[in-house]
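Using UniProt numbering, the first residue of the sequence shown is number 1, and each one after it goes up by one.
Here a beta-carbon is modelled for each residue, glycine too, at the ideal position from N, C-alpha and C.
Notes follow the structure.
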Amino acid sequence: MGRIRYYVYMREPQMKSDRLPELDSVDWAILELLQVDATMPNKDIAAKVGVAPSTCLERIRRMRRNGTIVATRAHVAPSLLGKGEQAFLGIQIRPHARDTANDFVQKALALPETLALYNVSGSDDYLVHVAVANSTELQTLIIDKLLALPQVAHCRTQLIFGEPLVAPLRHRPSAGAPRG
Numbered sequence: 001m002g003r004i005r006y007y008v009y010m011r012e013p014q015m016k017s018d019r020l021p022e023l024d025s026v027d028w029a030i031l032e033l034l035q036v037d038a039t040m041p042n043k044d045i046a047a048k049v050g051v052a053p054s055t056c057l058e059r060i061r062r063m064r065r066n067g068t069i070v071a072t073r074a075h076v077a078p079s080l081l082g083k084g085e086q087a088f089l090g091i092q093i094r095p096h097a098r099d100t101a102n103d104f105v106q107k108a109l110a111l112p113e114t115l116a117l118y119n120v121s122g123s124d125d126y127l128v129h130v131a132v133a134n135s136t137e138l139q140t141l142i143i144d145k146l147l148a149l150p151q152v153a154h155c156r157t158q159l160i161f162g163e164p165l166v167a168p169l170r171h172r173p174s175a176g177a178p179r180g
């Protein structure tokens, strides 16, 4: 897998009003295409969704402005950069306090091994997605860096086998919505 993949990231809108952006079926079709290949030329997207290129470009710009499309990023293969082993580290922090959590987040994101950090519910407070060269480097990360942090009470390790299977966010009409 020597390719670099590009993704479009979406999030919950950070708008001044509480209203969600209104997206029609064309907007959703554009989003599905961009999530699969964010480098697809605008004219190709327009042709696939059945609108003029200028209309397509304006819709993409509107979705960027309203926060539906957050970013376009390259997804790099860690294994091709000498980081062939990945894991999720389930972290429990103590005490449960905002300052403790904020300090942990800042320190975890500063680690060069960290790919992503999730605040979760359940037995763990955080899941840290990491990439390392091998099991020795993973052990060093856990013992010498994470468990050395005063706010980390417990670390649970889950090795990741293979590349993630990622599906695009798709439009699903909500219950009670008219179907067309």
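In this chain, V76 is not harboured by any alpha helix (DSSP H), its DSSP state being neither H nor E. In this structure L149 is in contact with F104, their Cβ atoms being roughly 7 Å apart against a cut-off of 8 Å. When P95, V49, R172 are compared, the shortest CA-CA separation from H154 is found for P95.
With 16 or more neighbouring CB atoms inside 10 Å of its own CB, I91 falls in the buried class. Around the beta carbon of D124, 16 or more other beta carbons lie within 10 angstroms, which makes this residue buried. If you ignore the 5 residues before and after Q151, its C-beta comes within less than 7 Å of the C-beta of I93, R94, T100, D103, F104, all in its own chain and listed in chain order.
According to DSSP, H96 shares a beta bridge with no other residue. Look at A47 here: in three-state DSSP terms it is helix. When the Cα atoms are used, N134 and A74 turn out to be separated by approximately 24 Å.
Within the stretch 140-172, there are no complete alpha helix (DSSP H) runs of at least 4 residues.
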